[in-house]
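Asks: A single structure is presented below for examination.
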Amino acid sequence: MALPFLYHGSFSRSTGLFSALAKQTKLLNLKPTKRIDFTFDPFTDNAHVVRNVVNYFYQDKVRDTNPKCLLKTNVVNDRSEPIIVVKLVDDKKIVFKTNNLSSLDILVKYNELVSSKVKVDEAVDAAKPVLTKSQKRR
Amino acid sequence: MSLTQVSRLLPMRNPIIMTVRTRTRAPNIKRPAVPHFTRAVVLELTKPIHKKKDEGVHPRENCMRKLRAIEGEMKQVNPYEQILANEFREKIENAKLVAIFHMLPTSEAGLFAARLQLIKMNMKYIKHNNTIMRLAFMGTKYEALLSLYKSTTCTFVGDEIAVAKLLKIQKKISSLVLLGGIVEGRFMSVQDLQRYANLPSLHTLQAQLVSILGTPAQQLSQNLSANQVELSSALSRYADDTKPEDDSKALPSS
Chain U
1049 MALPFLYHGS FSRSTGLFSA LAKQTKLLNL KPTKRIDFTF DPFTDNAHVV RNVVNYFYQD
1109 KVRDTNPKCL LKTNVVNDRS EPIIVVKLVD DKKIVFKTNN LSSLDILVKY NELVSSKVKV
1169 DEAVDAAKPV LTKSQKRR
Chain H
144 MSLTQVSRLL PMRNPIIMTV RTRTRAPNIK RPAVPHFTRA VVLELTKPIH KKKDEGVHPR
204 ENCMRKLRAI EGEMKQVNPY EQILANEFRE KIENAKLVAI FHMLPTSEAG LFAARLQLIK
264 MNMKYIKHNN TIMRLAFMGT KYEALLSLYK STTCTFVGDE IAVAKLLKIQ KKISSLVLLG
324 GIVEGRFMSV QDLQRYANLP SLHTLQAQLV SILGTPAQQL SQNLSANQVE LSSALSRYAD
384 DTKPEDDSKA LPSS
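Residue numbers (the numbering used here), protein chains in the order written: chain U, 1049 to 1186; chain H, 144 to 397.
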């Protein structure tokens, strides 16, 4: 039997979906994006997913990661499925067809595809050796 | 008051105070000393085994989903929310122009700036949570509006039917996204509102209607008099053709 005197488990208790969403929101980074277009028809069933995602992206903290990134919401009335088009700085385009996705799915995928690029860049910068004052003088 | 009378009043219960002497430091609770293996085994074996609270209860009785569904049905309507819902429904019914916006996350200053723009059109800002919206519109003729009241939504209500102005202003407001509206009791999408804004004025439309209504009568009179008109025009042309020859012959003799 396991002795009870060794520590295992975590002290914090996650509240499931909401803590997952909070984690993904903290990871959101707009640096590699040039423009994000949110298109939805408010009368379709699954428009509320895009509306919720829009609220995450329009937060000041997220927008401050790249003030030059354009965020645009387009309301259409042709019963088309809601989509999110992300245009990156390197002219690549990512289209999220959000009809059957949840907001968590979208944020996770966005972080996987886009926000992770920022970390890679920062890691490259960190890999440069830190020079001391005397080394810099030479 | 005598002692005996005072003792019959509210009795005071003095708490039992026990002084516990500890060593100079507080007792170590966070990192207890790991006991010897034998001691640990004995402690583990002699731990009391308590009965489970739900012993003998079938999991189907404990199903959280089922319990939550029952709780949802039993939930009573908050009377304050019901009052707010009724007031909101009245405002929507009496207003001539209602605009429903999706609220993007902004500061109070940003929201104030947006409200300021719309106050110029005498539009008042109303925001309630979606539960109140469901109470207000479920089962009424406004049930279709509920499809818009998801996520963060706010409403602007006014008596000025200035749809073109509204569409112009909402493009400048960055914190609100227009989802739809109600104009004189008619529920409209954004496309419908744009079409409404592009319509000509009521007088122009009335004049057009009058002309359309008059066209069959006009056409009938035209058709009836067509042959007569043709005959008279042909005769006048003939008269014009023959007249100059007679005049020139008549003049030299006089």
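Quick reminder that beta carbons are idealized off the backbone N, C-alpha and C, glycines included. Just so it is clear, the structure is predicted and the values come from calculations on it, not from any experiment.
From the beta carbon of Gln260 (chain H), is the nearest beta carbon of chain U less than 8 Å away?
Replies: Not one chain U Cβ lies under 8 Å of Gln260 (chain H).
Asks: Grab me the residues of Asn1148 (chain U)'s own chain with a C-beta within less than 8 Å of its C-beta, minus the 5 sequence neighbours each way, in chain order.
Replies: Excluding positions up to five away in sequence, the list reads Asn1094.
Asks: Could you tell me which uninterrupted beta strand (DSSP E) segments, each at least 3 residues in length, are contained entirely in the stretch 1070 to 1158 of chain U, listed from first to last along the chain?
Replies: Entirely contained in the stretch 1070 to 1158 of chain U, the beta strand (DSSP E) runs reaching 3 residues are, in chain order, 1081 to 1088, 1118 to 1123, 1131 to 1136, 1141 to 1145.
Asks: Going by DSSP, what residue range makes up the beta strand (DSSP E) through Thr296 (chain H)?
Replies: Run containing Thr296 (chain H): 296 to 301, per the beta strand (DSSP E) assignment.
Asks: Would you mind stating whether Ala242 (chain H) and Phe299 (chain H) have Cβ atoms separated by less than 8 Å?
Replies: Yes. Within cutoff.
Asks: Taking just the CA atoms, how far does Val372 (chain H) sit from Ser397 (chain H)?
Replies: Reliability fails at Ser397 (chain H), whose pLDDT of 47 lies under 50, so the model's placement of it is uncertain and no value is given.
Asks: Is Leu352 (chain H) helix, strand or coil by DSSP?
Replies: Leu352 (chain H): helix per DSSP, three-state reduction.
Asks: Please report the distance separating the alpha-carbon of Thr296 (chain H) from that of Phe244 (chain H).
Replies: Using only the alpha carbons, I get a separation of about 6 Å.
Asks: Among U:Asp1108, U:Val1133, U:Phe1091, U:Val1143, which residue has its Cα nearest to the Cα of Leu321 (chain H)?
Replies: Residue U:Phe1091 is the option with its Cα nearest to Leu321 (chain H).
Asks: List the endpoints of the continuous beta strand (DSSP E) containing Tyr268 (chain H).
Replies: Run containing Tyr268 (chain H): 267 to 269, per the beta strand (DSSP E) assignment.
Asks: From Gln260 (chain H) to Ile213 (chain H), what does the alpha carbon distance come to, in whole angstroms?
Replies: Between Gln260 (chain H) and Ile213 (chain H), the C-alpha separation is close to 46 Å.
Asks: Helix, strand or coil for Ala305 (chain H), going by three-state DSSP, please let me know.
Replies: Reduced to three states, the DSSP call for Ala305 (chain H) is coil.
Asks: Beta carbon of Ser354 (chain H): closer than 7 Å to some heavy atom of the ligand FAD?
Replies: Judged by which ligands are present, the structure shown has none, so any question about the ligand FAD falls away.
Asks: Given a cut-off of 8 Å on the beta-carbon distance, is the pair His271 (chain H) and Leu319 (chain H) in contact?
Replies: Their beta carbons are not under 8 Å apart, which means His271 (chain H) does not touch Leu319 (chain H) by this criterion.
Asks: How many angstroms separate the CA atom of Thr1063 (chain U) from the CA atom of Glu236 (chain H)?
Replies: Rounded to the nearest angstrom, the two C-alpha atoms are 41 Å apart.
Asks: Applying a beta-carbon distance threshold of less than 7 Å, which residues of chain U neighbour Lys173 (chain H)?
Replies: Here the premise fails: no neighbours, minimum Cβ distance about 10 Å.
Asks: Could you say if the stretch 345 to 360 of chain H and the stretch 263 to 283 of chain H meet the contact criterion of at least three C-beta pairs nearer than 8 Å?
Replies: Touching, no, given that fewer than three Cβ pairs across the two stretches are closer than 8 Å.
Asks: For Ala279 (chain H) and Ser332 (chain H), what's the separation of their Cα atoms in angstroms?
Replies: Taking the straight line from one Cα to the other gives about 20 Å.
Asks: Strictly below 7 Å CB to CB, what residues from chain H border Tyr1106 (chain U)?
Replies: The contacting residues are Leu247, Pro248.
Asks: Kindly indicate if chain U contains any beta-carbon less than 8 Å away from that of Ser290 (chain H).
Replies: Chain U, which has a Cβ nearer than 8 Å to the Cβ of Ser290 (chain H), makes this yes.
Asks: Can you list, in chain order, the residues of the stretch 1111 to 1135 of chain U whose Cβ is nearer than 7 Å to any Cβ on chain H?
Replies: Listed by position, the residues of the stretch 1111 to 1135 of chain U near chain H (Cβ gap below 7 Å) are Thr1121, Val1123, Asn1125.
Asks: Determine, using beta carbons only, whether Asn1159 (chain U) and Leu1076 (chain U) come nearer to each other than 8 Å.
Replies: The answer is yes: Cβ separation under 8 Å.
Asks: How big is the Cα-Cα spacing for Met155 (chain H) and Leu254 (chain H)?
Replies: Looking at the two C-alpha atoms, the distance is approximately 56 Å.
Asks: At a Cβ cut of 9 Å, what residues of the stretch 280 to 307 of chain H count as close to chain U, listed as they run along the chain?
Replies: Residues Ala287, Ser290, Leu291, Lys293, Ser294, Thr295, Thr296.
Asks: Apart from the five residues on each side of it in sequence, which residues of its chain come closer than 6 Å, Cβ to Cβ, to Ala257 (chain H)?
Replies: If we look at Ala257 (chain H) and ignore the five residues flanking it on each side, its Cβ neighbours are Ile316, Ser318, Leu319.
Asks: Which class does Ile172 (chain H) belong to by DSSP, given the choice of helix, strand or coil?
Replies: Coil, per DSSP.
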